[in-house]
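All residue numbers for the sequence shown refer to this note's numbering, where the first residue is 306 and numbers rise by one. Since the structure comes first, as structure tokens, the remarks are kept for the end.
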Amino acid sequence: MHIVFCGTGWFPIVDAIRARLPLGVTLRAWDPGLPLAGQVEDADVLLPSNARLDADVIAAPRNLRLIQQPAVGTEGIDLAAARARGVPVCNAPGTNGQSVAEAALFLILALARRFPCASRAFAERSIGAPLGIELAGRTLGILGLGRSGAALARIAEALGMRILAARSTTSPEDVLDLAARADVISIHCPLTPRTRGLVGETFLSRVKPGALLVNVARGPIVDRDALLHALETGRLGGAGLDVFWEEPWDPADPLYRRDDVVVLPHVAGSTEEAFARIADIVAGNVHRLLRGEPLLHRIA
Numbered sequence: 306m307h308i309v310f311c312g313t314g315w316f317p318i319v320d321a322i323r324a325r326l327p328l329g330v331t332l333r334a335w336d337p338g339l340p341l342a343g344q345v346e347d348a349d350v351l352l353p354s355n356a357r358l359d360a361d362v363i364a365a366p367r368n369l370r371l372i373q374q375p376a377v378g379t380e381g382i383d384l385a386a387a388r389a390r391g392v393p394v395c396n397a398p399g400t401n402g403q404s405v406a407e408a409a410l411f412l413i414l415a416l417a418r419r420f421p422c423a424s425r426a427f428a429e430r431s432i433g434a435p436l437g438i439e440l441a442g443r444t445l446g447i448l449g450l451g452r453s454g455a456a457l458a459r460i461a462e463a464l465g466m467r468i469l470a471a472r473s474t475t476s477p478e479d480v481l482d483l484a485a486r487a488d489v490i491s492i493h494c495p496l497t498p499r500t501r502g503l504v505g506e507t508f509l510s511r512v513k514p515g516a517l518l519v520n521v522a523r524g525p526i527v528d529r530d531a532l533l534h535a536l537e538t539g540r541l542g543g544a545g546l547d548v549f550w551e552e553p554w555d556p557a558d559p560l561y562r563r564d565d566v567v568v569l570p571h572v573a574g575s576t577e578e579a580f581a582r583i584a585d586i587v588a589g590n591v592h593r594l595l596r597g598e599p600l601l602h603r604i605a
């Protein structure tokens with residue numbers, strides 16, 4: 306059996322999965338410099354990661370038996386094409402909620418204590434500046450109360466923050482009410498047609514002046530132009546980003562070099578513990594596939 310990892314990052318997960326595979330199963334990463342479809346013709350299992358698996362890629366393998374996402378999100382997979390070919394699609398839910406929550410807290414703290422300015426002040430030997438803010442007593446609005454959003458809520462409550470949350474069932478009016486009442490907003494919802502551009506001009510026009518925004522979900526949930534305008538006008542006091550509109554991103558982009566922006570290289574879910582949990586699920590489904598047993602976490 307041959308497995309191909311199609312991602313352009315998170316390569317430590319490949320080693321973690323490989324260590325759990327049965328004898329005779331091979332796992333390799335694709336070469337991003339070459340077309341994906343031409344590199345998966347012998348694949349029995351595809352691990353999409355952040356790659357786009359369109360109908361052509363899904364049709365390319367001669368004996369494709371499983372598409373196993375080593376993550377939660379499946380928006381890049383053509384599920385209709387997989388169903389048409391009779392190929393099961395599975396994901397790995399519940400694996401990185403704590404990791405993502407802790408990364409969100411890191412970004413919130415970095416914005417609250419103005420880390421880019423503090424880093425420059427250190428280089429300039431400027432003592433005791435810049436002036437930051439405390440989180441205790443402030444209101445945290447969480448968009449998406451799944452595992453990571455719920456974990457962040459528990460952490461933030463321990464810091465003395467008040468919690469507001471919006472779920473998939475929350476009305477648009479109540480989402481805007483959250484925007485108006487929160488001092489800090491953290492995005493944890495999946496990317497869907499409903500959430501694409503959710504944090505746009507209307508949403509950002511309602512936020513408190515100086516509010517902080519963190520996105521650890523998917524880049525397109527935030528409208529980039531609206532975000533930049535909110536930062537330039539001071540409507541937002543800062544933005545913390547672990548996800549982007551295009552990946553890999555351009556590190557020279559002026560947006561990412563602003564003093565009121567903190568960025569991470571899409572590592573919110575990248576911890577030893579989270580990768581071990583993901584690898585257990587992926588390798589476990591490979592074992593089940595070989596034994597002819599029902600697959601876990603099947604979504605298509």
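Glycine is no exception: its CB is placed at the ideal position from the N, C-alpha and C atoms. Only a predicted model underlies this, so the values are computations on that prediction, with no experimental measurement involved.
Have a look at residue i and residue j and give me their C-alpha separation to the nearest angstrom.
i           : j           : result
residue 487 : residue 417 : 14 Å
residue 420 : residue 567 : 8 Å
residue 410 : residue 368 : 44 Å
residue 348 : residue 490 : 42 Å
residue 546 : residue 524 : 8 Å
residue 439 : residue 460 : 15 Å
residue 401 : residue 453 : 7 Å
residue 435 : residue 415 : 12 Å
residue 535 : residue 541 : 5 Å
residue 505 : residue 441 : 27 Å
residue 406 : residue 394 : 26 Å
residue 643 : residue 551 : Here the chain covers residues 306 to 605 and nothing more, so residue 643 does not appear.
residue 642 : residue 477 : Residue 642 is absent from the model: the chain starts at 306 and stops at 605.
residue 599 : residue 462 : 40 Å
Only counting the same chain, and skipping five residues up and downstream in sequence, which positions put a Cβ closer than 6 Å to that of residue i?
i           : result
residue 494 : 448, 449, 500 and 522
residue 484 : 508, 511 and 512
residue 467 : 444
Nearest by alpha-carbon distance to residue i: which of the options is it?
i           : options               : result
residue 327 : 595, 440 and 605      : 595
residue 321 : 586, 597, 580 and 589 : 580
residue 496 : 508, 444 and 549      : 549
residue 351 : 386, 310, 380 and 314 : 310
residue 337 : 393, 313, 528 and 396 : 313
residue 526 : 492, 537, 462 and 543 : 492
residue 365 : 316, 555 and 346      : 346
residue 330 : 588, 557 and 340      : 588
Give every residue of the same chain whose Cβ lies closer than 8 Å to the Cβ of residue i, excluding the five residues on either side of it in the sequence, and list them in chain order.
i           : result
residue 533 : 560
residue 480 : 448, 471, 503 and 508
residue 408 : 521, 547, 569, 572, 573 and 574
In chain order, what residues of the same chain lie with their CB nearer than 7 Å to the CB of residue i, ignoring the 5 residues before and after it?
i           : result
residue 398 : 377 and 602
residue 318 : 375, 580, 583 and 584
residue 332 : 308, 310, 319, 322, 323 and 326
residue 357 : 381
residue 423 : 435
residue 361 : 342
Considering only the beta carbon of each residue, do residue i and residue j sit closer than 9 Å?
i           : j           : result
residue 574 : residue 404 : yes
residue 371 : residue 519 : no
residue 564 : residue 425 : yes
residue 387 : residue 363 : yes
For residue i, is the classification buried or exposed, using 16 other Cβ atoms within 10 angstroms of its Cβ as the cut-off for buried?
i           : result
residue 412 : buried
residue 474 : exposed
residue 465 : exposed
residue 293 : The structure shown does not extend to residue 293, since the chain is modelled only from 306 through 605, so no value can be given for it.
residue 432 : exposed
residue 391 : exposed
residue 517 : buried
residue 597 : exposed
residue 339 : exposed
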